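Undergrad: Sharing a structure here in structure tokens format.
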Amino acid sequence: MTESNLSFVGRLSVAVGSFFAILGDSTLAANVRRLREGTLAPIAAPVPASAPVSAPVSAPQPAPVVAPAPAPAIEEASPDAALQLLGLLQRNARFIDFVEEDIASYSDFEIGAAARLVHDGCRTTLREHFTIRHVRDEAEGSRITIPDGFDATAVRLTGNVVGKAPFNGSIAHRGWRAVEVKLPKLIKSHDVTVIAPAEVEL
53 MTESNLSFVG
63 RLSVAVGSFF
73 AILGDSTLAA
83 NVRRLREGTL
93 APIAAPVPAS
103 APVSAPVSAP
113 QPAPVVAPAP
123 APAIEEASPD
133 AALQLLGLLQ
143 RNARFIDFVE
153 EDIASYSDFE
163 IGAAARLVHD
173 GCRTTLREHF
183 TIRHVRDEAE
193 GSRITIPDGF
203 DATAVRLTGN
213 VVGKAPFNGS
223 IAHRGWRAVE
233 VKLPKLIKSH
243 DVTVIAPAEV
253 EL
């Protein structure tokens, strides 16, 4: 049996149910009245007030990731300047001859005399081609404070190194720094690996 062709018992059931529903719901009663009067659009039931929707709690933003400092670039040093310096020391001080000589059979006097000549030649070479200054101006033995963030290439800590900077200590060596280098210019055809040419006496 379709909804449009209800039996008497079905219509009675709907009527009794509607009777109590209309008594308890004023909006439903108004809608039934409008339908009976021929008005097709019923009054919409009031929408129950919903609880205020709180703004979504945003998730805590992750702390910005700090990129690690890039590792210092390591470059291969050209041996040309070192070989050139060795050539100058050999030419002016016979440096390689002295170092390669077996001095075990020589007396301290003989070694001292040779060392003096090598010393004079090395000193002349350094002063001619380099300007060298001390890293620290204080006298050796002076008490100084090494601050945080010091240049570890210019200051080397020795002894009982414990904790963090600042450090207090005494200068054992003032260090050396080359502030100017004046090596001779070379032509492209020059072979710097030949530190000293072989000598042939005719």
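Residue numbers for the sequence shown, in my numbering: 53 to 254. Here a beta-carbon is modelled for each residue, glycine too, at the ideal position from N, C-alpha and C. Computed from a predicted structure; not experimentally measured.
Report yes or no: do three or more beta-carbon pairs, one from the region 217-229 and one from the region 184-193, lie closer than 8 Å?
TA: Counting Cβ pairs under 8 Å, three or more are found: they touch.
Undergrad: When you compare only the Cα positions, how much space is there between residue 160 and residue 204?
TA: Stepping through the sequence shown from its first residue, residue 160 is reached at position 108. Stepping through the sequence shown from its first residue, residue 204 is reached at position 152. Distance between the alpha carbons of residue 160 and residue 204: 39 Å.
Undergrad: Is there contact between the region 195-215 and the region 168-180, where contact requires at least three CB pairs shorter than 8 Å?
TA: Not touching, per the Cβ criterion.
Undergrad: Taking the alpha carbon of residue 186 as the reference point, which residue from 202, 207, 180, 176 has its own alpha carbon closest?
TA: If you number the sequence shown from 1, residue 186 lands on position 134. Taking only the C-alpha atoms, the option nearest residue 186 is 207.
Undergrad: Measuring straight from C-alpha to C-alpha, what distance separates residue 243 and residue 138?
TA: If you number the sequence shown from 1, residue 243 lands on position 191. If you number the sequence shown from 1, residue 138 lands on position 86. Approximately 13 Å, taken between the alpha carbons.
Undergrad: At what residues does the beta strand (DSSP E) containing residue 202 begin and finish?
TA: Here residue 202 is taken as the residue at index 150 of the sequence shown, counted from 1. Counting along the chain, residue 202 falls outside any beta strand (DSSP E), and DSSP gives it neither H nor E.
Undergrad: So, does the region 209-216 touch the region 230-249, judging by three or more C-beta pairs under 8 Å?
TA: Because the criterion of three Cβ pairs below 8 Å is not met, the region 209-216 and the region 230-249 do not touch.
Undergrad: Does DSSP put residue 232 in a helix, a strand or coil?
TA: The residue given as residue 232 occupies position 180 in the sequence shown. Note: residue 232 maps to strand in three-state DSSP.
Undergrad: Let me check understanding here. Comparing Cα to Cα, which of 153, 142, 84 lies closest to residue 173?
TA: In the sequence shown, counting from the first residue as 1, residue 173 sits at position 121. Nearest option by C-alpha distance: 142.
Undergrad: List the DSSP bridge partners of residue 186.
TA: Against the sequence shown, residue 186 aligns to sequence position 134. Answer by DSSP bridge pairing, in chain order: 228.
Undergrad: Based on DSSP bridge pairs, tell me the residues matched to residue 83.
TA: The residue you call residue 83 lines up with position 31 of the sequence shown. The partner list for residue 83 (beta bridge, DSSP) is empty, contrary to what the question assumes.
Undergrad: Along the chain, where does the alpha helix (DSSP H) that runs through residue 173 open and close?
TA: Working through the sequence shown from its first residue, we reach residue 173 at position 121. Unbroken alpha helix (DSSP H) run through residue 173: 160-181.
Undergrad: Quick one: Cα of residue 180 to Cα of residue 140, how far?
TA: Indexing the sequence shown from 1 puts residue 180 at position 128. Indexing the sequence shown from 1 puts residue 140 at position 88. Distance between the alpha carbons of residue 180 and residue 140 is about 10 Å.
Undergrad: In angstroms with no decimal places, state the Cα-to-Cα distance between residue 155 and residue 128.
TA: On the sequence shown, residue 155 is found 103 positions in, with the first residue counted as 1. On the sequence shown, residue 128 is found 76 positions in, with the first residue counted as 1. Each residue's alpha carbon lies about 35 Å from the other.
Undergrad: Please state the DSSP three-state secondary structure of residue 139.
TA: To locate residue 139, count along the sequence shown from 1; it is residue 87. Note: residue 139 maps to helix in three-state DSSP.
Undergrad: Taking 8 Å as the threshold (C-beta atoms), are residue 163 and residue 248 in contact?
TA: Against the sequence shown, residue 248 aligns to sequence position 196. Against the sequence shown, residue 163 aligns to sequence position 111. For residue 248 and residue 163, no; Cβs fall outside 8 Å.
Undergrad: Who pairs with residue 222 in a beta bridge, going by DSSP?
TA: The sequence position of residue 222 within the sequence shown is 170, counting from 1. The partner list for residue 222 (beta bridge, DSSP) reads 195.
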